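Chains as they are written, first to last, in the working numbering: chain H, 1 to 190; chain E, 1001 to 1190. Here a beta-carbon is modelled for each residue, glycine too, at the ideal position from N, C-alpha and C. None of the values given here were measured: they were computed from a predicted structure.
Number of protein chains: 2
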Amino acid sequence: MLGSVTDRTRLPTTSYAVLGLLSFRGAMSGYDLKKWSDFSLRFFFWSPATSNIYGELTRLRSLGYVTAREVRQDDLRNKRVFSITKDGRAALERWLRDAPIEPSVLKEHALLRVWLGDSTDPDRLIEVVKEQEQAAQATLAQLEHSIAEARKSERFSYPVLVEEWCERVTKARAEAYAELRAKLEKKART
Amino acid sequence: MLGSVTDRTRLPTTSYAVLGLLSFRGAMSGYDLKKWSDFSLRFFFWSPATSNIYGELTRLRSLGYVTAREVRQDDLRNKRVFSITKDGRAALERWLRDAPIEPSVLKEHALLRVWLGDSTDPDRLIEVVKEQEQAAQATLAQLEHSIAEARKSERFSYPVLVEEWCERVTKARAEAYAELRAKLEKKART
DNA sequence: TAGGACATGTAATCAGTTACATGATTAA
DNA sequence: TTAATCATGTAACTGATTACATGTCCTA
């Protein structure tokens, strides 16, 4: 009721995430955006599905926040690249300034299994935890690569700070899983 | 197509989370479940909305995984308490054994703001990060309380392990936010 | 010649939230 | 008397996913 007029411009976070990606470098296709978000947003936020990105792009365009341009990359294939507009930038800045920040979410599906450890096979549990430890280490390697890349350009100074945050927390996650595994192994022996 | 028969029994994770809560202690109401999940699942997974819990309870009952019993708590108010059935326990164990584990998700809404720091007021950014640091510390206090409680009973030995994991990672999150704040402050001074 | 990367989208579905509806009890 | 807690649910909505549809180019 209240806000029915105001909320016309209130978009899901994904819209702003896409707009944000576009604020770094213009002229990207939906495909490019998906790839890049898999290598950046994914670490601390989430990477939307491809179809979701195309959907957002359509919406953003109808709002005048992005413009599309057809690019012929070769004789047969066409590519539609998007750029953020002045209006889009303004909307992004408004959102950054005014939108309330939702509480952070940590969804560790593996821990739900451990939590219900009494109903599970202890060895399976140890395996699951080991896998998570490895997954965290793999993420860490990707992050380190990503940080090294991002440091090359001044333009990514903020993303670098965020990735360093992620690095620290991912390290802690890996260690916490290692500790948990040790505890589970000890528990299994008794 | 494949699985159209098999998937009849494939439920969303929330169903199993509710079933899991019920596996610890029987005879809980929807209201109880919501409260408890706010103090346990929330830390490492997520706490479903009240209406969501009631919905799951209905579904679980129709599958024969839980039974309901009416409890008259005083002259006027009635309470419907639920207990897990043998079938429910079997379904939970099957899920724990067989279901693939989805990748973990970390959604730090505040970091999306930092990531887009070039489009934001630096002082506002520092404030936002400070708030996250405090939020993490508040979570830490709740966790410590929760761990102390859970240690009182043998039955919660697995939940204690999970909460210790959370404690460690939440500490790291708080520290990572503190470090980030320091970097932002330094950046602002230059 | 098969598989992966490039490239774009629609349609169906789903998991979950918010808003709403209702009403008693208890503590400040 | 006001707010919080107890207590249960339905209905409308929405954000996002999965499945599907289509086709080229390049590499092993």
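Counting the other Cβ atoms within 10 Å of the Cβ of E:THR1014 gives 16 or more, which makes it buried. Residue ranges of uninterrupted beta strand (DSSP E) with 3 or more members, entirely inside the region 1044-1096 of chain E and ordered along the chain, are 1066-1072, 1078-1084. A direct Cα-Cα distance of roughly 7 angstroms separates E:LYS1171 from E:GLN1137. At least 9 angstroms separates the CB of E:LEU1011 from every CB of chain H. By the CB criterion at 9 angstroms, E:ARG1080 and E:SER1157 fall outside the cutoff.
When only Cα atoms are considered, E:PHE1024 and H:VAL129 end up about 22 angstroms apart. Between H:VAL162 and H:LEU111, the alpha-carbon positions lie close to 25 angstroms from each other. Contact residues of the region 1152-1174 of chain E toward chain H are TYR1158, PRO1159, LEU1161, VAL1162, TRP1165, ARG1168, VAL1169, ALA1172, ARG1173 (C-beta to C-beta distance below 7 angstroms). Bounds of the alpha helix (DSSP H) holding E:LYS1186 are 1157-1189. At least 9 angstroms separates the beta-carbon of H:SER40 from that of H:ILE53.
Excluding residues up to 5 positions away in sequence, GLY64, TYR65, VAL66, THR67 lie with their Cβ nearer than 8 angstroms to the Cβ of H:THR85 in the same chain. For the region 102-133 of chain H, the beta-carbon criterion of a distance under 8 angstroms to any beta-carbon of chain E is satisfied by GLU102, PRO103, SER104, VAL105, LEU106, LYS107, GLU108, HIS109, ALA110, LEU111, LEU112, ARG113, VAL114, TRP115, LEU116, GLY117, ASP118, SER119, THR120, ASP121, ARG124, VAL128, GLU131, GLN132.
Around the beta carbon of H:GLU108, 16 or more other beta carbons lie within 10 angstroms, which makes this residue buried. Straight across, the Cα-Cα distance linking E:ASP1098 with E:GLU1056 is about 21 angstroms. According to DSSP, residue pairing for H:LEU106 in a beta bridge involves E:LEU1106. The straight-line gap separating the alpha-carbon atoms of H:LEU143 and H:PHE43 is approximately 8 angstroms. E:GLY1064 has a beta carbon lying at 9 angstroms or more from every beta carbon in chain H. Neighbourhood of E:PHE1044 in chain H, by CB distance below 7 angstroms: LEU106, GLU108, LEU111, in chain order. Taking each of H:GLU167, H:ILE101, H:ALA49, H:ARG89 in turn and checking the Cα distance to H:THR139, the smallest one comes out for H:GLU167. In terms of Cβ geometry, E:LEU1060 and E:PHE1082 form a close pair [threshold 9 angstroms]. Listed along the chain, the chain H residues whose CB falls inside 8 angstroms of the CB of E:ARG1097 are THR120, ASP121, ARG124. DSSP places E:SER1040 outside any alpha helix (DSSP H), giving it a letter other than H or E.
Separation of E:VAL1018 and H:SER51 (C-alpha to C-alpha, rounded to the nearest whole angstrom) is 31 angstroms.
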